[in-house]
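Structure first, then comments.
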Amino acid sequence: MSEPVPDCRVADGPAGPWEAIVIGGSSGAIDALNILLPALPAGLRASVIVLLHVAGDRPSRLADIFGHRCALPVLEAEDQQPLRPGHVYVAPPGYHLLVDQGPRLALSIDPPVLFSRPSIDVLFHSAADCYGERLLGVLLSGANEDGADGLASIHAAGGGAVVQAPSTAAMRAMPDAALARVPESLALSPEDIADLFARLPVQRLPDTRIS
């Protein structure tokens, strides 16, 4: 039996609700994302950015695949694309994905980091610089240590850090590295992360009732 998910304070930084959620993973992470992304509520206040290690020599269908399972619009990230609340952005193959002031997305062809382009560390570091304590970082299953340093930068900036519990990951090297680097991270199963996501704050819809 899993431990109870922490209360909704985990979904609120010191300055209020998270404004962005960054999710990284590699081998085995798609299985977790198929549980997490459908749990994101319609009208979510935060922007969501997803980065997986994918082959750079072919187009990615991840945005289409996740778009059919998610209540939010799912888009493949583009260079200089403004970030909008309640949207999910998926990193394209072959480019580093960064968050710039605006906030907006930026693509880079700088050299791979830990043999990876896109790199989770690159995304997490840039998002931490932009959002600080208003950022939630989530690191999932993967076969190397990419993302551990980036999650540490999110934690150091006052943001939230969640790691897939290694015992639930198809490849535990990435979660293990993250927990070694940021032992304060919450280690949760995909189902418990999905429960956390389902309770994230949403935007209020206008009252259309006729008085």
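Sequential numbering of the sequence shown, starting at 1, is according to UniProt numbering. Glycine residues also receive a C-beta, built at the ideal position from the N, C-alpha and C atoms.
Inset, instruction - Answer yes or no: do residue 238 and G160 have a C-beta to C-beta separation smaller than 8 Å? - result: The structure shown does not extend to residue 238, since the chain is modelled only from 1 through 211, so no value can be given for it.
Inset, instruction - Please go through the same chain and pick out, in chain order, the residues whose beta-carbon is closer than 8 Å to the beta-carbon of P59, but skip the five residues on each side of it. - result: P93
Legend entry - Span of the beta strand (DSSP E), counted from its first residue to its last, around S108: 104 to 108
Legend entry - Identity of the residue in G25, A178, E191 nearest V90 by Cα: G25
Inset, instruction - Please say whether S27 and S116 have beta carbons closer to each other than 8 Å? - result: no
Inset, instruction - Report back the beta-carbon spacing between residue 212 and L107 to the nearest angstrom; my notes put them in contact at under 8 Å. - result: The structure shown has nothing for residue 212, since the chain only spans 1 to 211.
Legend entry - DSSP three-state assignment for Y131, whether helix, strand or coil: helix
Legend entry - Stretch pair the region 150 to 165 + the region 127 to 134: three plus CB contacts closer than 8 Å: yes
Inset, instruction - Grab the span of the beta strand (DSSP E) containing H53 for me, first residue to last. - result: That residue, H53, is in no beta strand (DSSP E); it is neither H nor E in DSSP.
Inset, instruction - Please state if the CB of Q81 and the CB of R104 are separated by a distance shorter than 8 Å. - result: yes
Legend entry - Proximal residues to D176 (C-beta, below 8 Å), its chain only, five neighbours per side dropped: P166
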